[in-house]
Amino acid sequence: MTHFLSDSALERLREAADSPDLTGTRYRLVDKLGQGGMGGVYCVEDTELERRVALKVISVPNPDGAGTVRLLQEARIIARLEHPGIVPVHDAGVLPDGRPYYTMKLVQGRRLDEHVESVPSLSHRLRLFLRICDAVAFAHAHRVLHRDLKPANIMIGPFGEVLVMDWGLSKLLGPSPANDISIVHADSGAAAENRTMLTAHGSVVGTPGYMSPEQIRGDASLDQRSDIYSLGAILQFLISTGNAEAMAKPLSAIRVRAMAEDPEARYQTVSELSTDVAHFLDGLAVSAYPEGPMVRAWRWVLRNRTWILLLLAYMLTRALLIFFRPR
Amino acid sequence: MNKPLLGLVLGTILGAFDGLTAWFTPAVRNALLGIVIGSTIKGLIAGVLIGFFARKVNSLALGILFGLGVGLLLAFAVAAMQPGPDHYYFAIMLPGGIVGTIIGYATQRFGVRPQTLVR
């Protein structure tokens, strides 16, 4: 006799099997937050510190497998990146069921692609972008490439915190290919164009539209300029989404330079890119957009208009007083 | 440059320049040196006062307002001290007020706040 289980019963069984075994640990399962290709992220209660944290765990126990190594290496990479713009790792280890895990700050907020519509001001959006650049520049300074920078991987917290998330594809910059610790996964709920490409280790990883040309080609020698391309794509997203006003030429030039096909033609460091964006915000000249002397002079006048108007008012008053002096 | 020093430098320069414009009034040309010295001292005092205010109060609007007030007040004192029946209140106070406004704006906008010392 054959018995069939309903789909919902099967789904419940699958969820129960997937759920991490937290017996004997300091954590208590609260909720599932998301599922990727290799594992899931859960909201758990840290019973010792009485706070909720996010726990990332791979789906299948395999103590000697590549997934285990990668997850722990991912945790170690994030742990070395202590920066306000990068989600901090609290703990890492192996669960009683043999699955490796790490816990990190539970970030509550909105993804940048959901948040951007509520930020109508271009200057505010560019300031958000500068904070993303800060975090990525910090990672590059520690020789870490993100390789999957996109609006869906940026979280904006309730108090305006900007956090670069999902370092699962991150790579340590170094001479040895053994340093490539990429973890291939998919964002299950994301739109198709936002979805991280699901491929084998060592081949193309990233998100179409945000991947640099060399990343699409699967070049093994990616460097920080690949992330700079992705930042250029994020800049384009921030400028264009729900914003009808024409893009200023210097800002457009910044985007074009950041997203240049040839890495040599791009900004060579994130700080060069963020300096240009900051200069644009301050009404200064940007390196990506050469200007003539007249444009520079006019920019100087605009920037110092109050100062110039006050001096002109003084000179005019003096001239009028001299002209109409009592004789 | 810190705010009081910026106020002092700017006040001195603008005060001296303000005094030199008396050259265009032939009636007072003989007393030009005294006018320039007096005007420079007036500018210097105004600059220092406005600079110290800018160090205490970090507000462009209040800085400009304070500068205008100090400029007008000192210019009023100078006009009131003029010998003779004509005190030229308008001709002295108007540029004095603008000079105060310029110093107030400059100290708030360009002056550097003192660094907080952490022990």
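Residue numbers (the working numbering), protein chains in the order written: chain A, 361 to 687; chain B, 30 to 148.
No residue lacks a Cβ here, since even glycine has one placed at the ideal position from N, Cα and C.
A quick note: this is a predicted structure, and the numbers were derived from the prediction, not measured.
{"Asked": "beta-carbon Ala106/B near the ligand NAP non-hydrogen atom, thresh 7 angstroms", "Found": "The ligand NAP is absent from the structure shown, which contains no ligand whatsoever."}
{"Asked": "Inter-stretch contact at 8 angstroms, needing at least 3 Cβ pairs: the stretch 670-681 of chain A / the stretch 98-111 of chain B", "Found": "no"}
{"Asked": "Distance between Phe53/B and Val128/B (C-alpha atoms, nearest Å)", "Found": "19 angstroms"}
{"Asked": "The alpha helix (DSSP H) enclosing Tyr118/B, as first and last residue numbers", "Found": "Tyr118 to Phe139"}
{"Asked": "Backbone CA spacing between Pro33/B and Ile614/A [nearest angstrom]", "Found": "39 angstroms"}
{"Asked": "CB contact below 8 angstroms: Thr385/A versus chain B", "Found": "no"}
{"Asked": "Separation of Val77/B from Val141/B, as counted between CA atoms", "Found": "14 angstroms"}
{"Asked": "Contact under 8 angstroms by Cβ, Val504/A with Leu532/A", "Found": "yes"}
{"Asked": "Residue burial classification, Glu434/A (beta-carbon count within 10 angstroms, cutoff 16)", "Found": "buried"}
{"Asked": "Rounded straight-line distance, which links the Cα of Leu670/A to that of Pro437/A", "Found": "This sequence places Ile at residue 437/A; Pro is not what is there. In a straight line, the C-alpha of Ile437/A is about 54 angstroms away from that of Leu670/A."}
{"Asked": "Interface partners of Trp667/A on chain B, CB under 9 angstroms", "Found": "Ile131, Tyr134, Ala135, Arg138 and Phe139"}
{"Asked": "Alpha-carbon spacing of Arg491/A relative to Gly445/A, whole angstroms", "Found": "7 angstroms"}
{"Asked": "Chain A contact for Thr50/B (CB, 8 angstroms cutoff)", "Found": "yes"}
{"Asked": "Closest by C-alpha distance to Glu405/A, when choosing among Gln395/A, Val390/A and Ser572/A", "Found": "Val390/A"}
{"Asked": "Contacts around Ala608/A, its chain only, beta-carbon distance under 8 angstroms, and the 5 residues preceding and following it disregarded", "Found": "Phe640"}
{"Asked": "Euclidean distance between Cα positions of Val544/A and Ala426/A", "Found": "Only weak support is given to the placement of Val544/A: the predicted model assigns it a pLDDT of 39, under 50, and the value that follows is read from those uncertain coordinates. Whole-angstrom Cα-Cα distance: 11 angstroms."}
{"Asked": "Presumed contact (8 angstroms Cβ cut-off) between Thr195/B and Thr69/B, rounded CB distance", "Found": "Past the boundaries of the shown model lies residue 195/B; chain B is included only from 30 to 148, so the question cannot be answered."}
{"Asked": "Cutoff 8 angstroms: Thr635/A Cβ touching any chain B Cβ", "Found": "no"}
{"Asked": "Boundaries of the alpha helix (DSSP H) in which Lys71/B is found, first to last residue", "Found": "Leu61 to Lys85"}
{"Asked": "Leu123/B versus Trp660/A: straight-line alpha-carbon distance, rounded", "Found": "28 angstroms"}
{"Asked": "Members of the stretch 39-73 of chain B near chain A, C-beta cut-off 7 angstroms", "Found": "Thr50, Phe53 and Thr54"}
{"Asked": "Whole-angstrom distance between Phe519/A and Gly96/B, CA atom to CA atom", "Found": "37 angstroms"}
{"Asked": "Proximity of Leu415/A and Pro380/A at Cβ, strictly below 8 angstroms", "Found": "yes"}
{"Asked": "CA-to-CA distance, Asp583/A to Pro537/A, given in whole angstroms", "Found": "Summary for Pro537/A: the model assigns pLDDT 44, below 50, so the residue's position carries little reliability; its value from the coordinates is reported in the next sentence. If I take the Cα positions, the gap works out to 13 angstroms."}
{"Asked": "Cα-Cα separation, Phe119/B to Pro112/B", "Found": "16 angstroms"}
{"Asked": "Where Gln395/A falls: helix, strand or coil (DSSP)", "Found": "strand"}
{"Asked": "Ala120/B: contacting residues in chain A (beta-carbon distance under 7 angstroms)", "Found": "Leu681"}
{"Asked": "Exposed unless 16 or more other CB atoms sit within 10 angstroms - verdict on Ile66/B", "Found": "exposed"}
{"Asked": "Contacts around Gly92/B, its chain only, beta-carbon distance under 8 angstroms, and the 5 residues preceding and following it disregarded", "Found": "Ile79, Phe82, Ala83, Val86, Gly133, Tyr134, Thr136 and Gln137"}
{"Asked": "Secondary structure of Thr463/A, DSSP reduced to three states", "Found": "strand"}
{"Asked": "Proximal residues of chain A, C-beta to C-beta of Val128/B below 8 angstroms", "Found": "Tyr674"}
{"Asked": "Cβ neighbours of Glu621/A in the same chain (closer than 7 angstroms, five flanking residues each side left out)", "Found": "Pro573"}
{"Asked": "Proximal residues of chain B, C-beta to C-beta of Arg678/A below 7 angstroms", "Found": "Thr50 and Pro124"}
{"Asked": "C-beta contact flag for Val467/A and Met525/A at 8 angstroms", "Found": "yes"}
{"Asked": "Which of helix, strand or coil DSSP assigns to Glu405/A", "Found": "strand"}
{"Asked": "Under 8 angstroms from the C-beta of Leu670/A: neighbouring residues of chain B", "Found": "Ile127, Thr130, Ile131 and Tyr134"}
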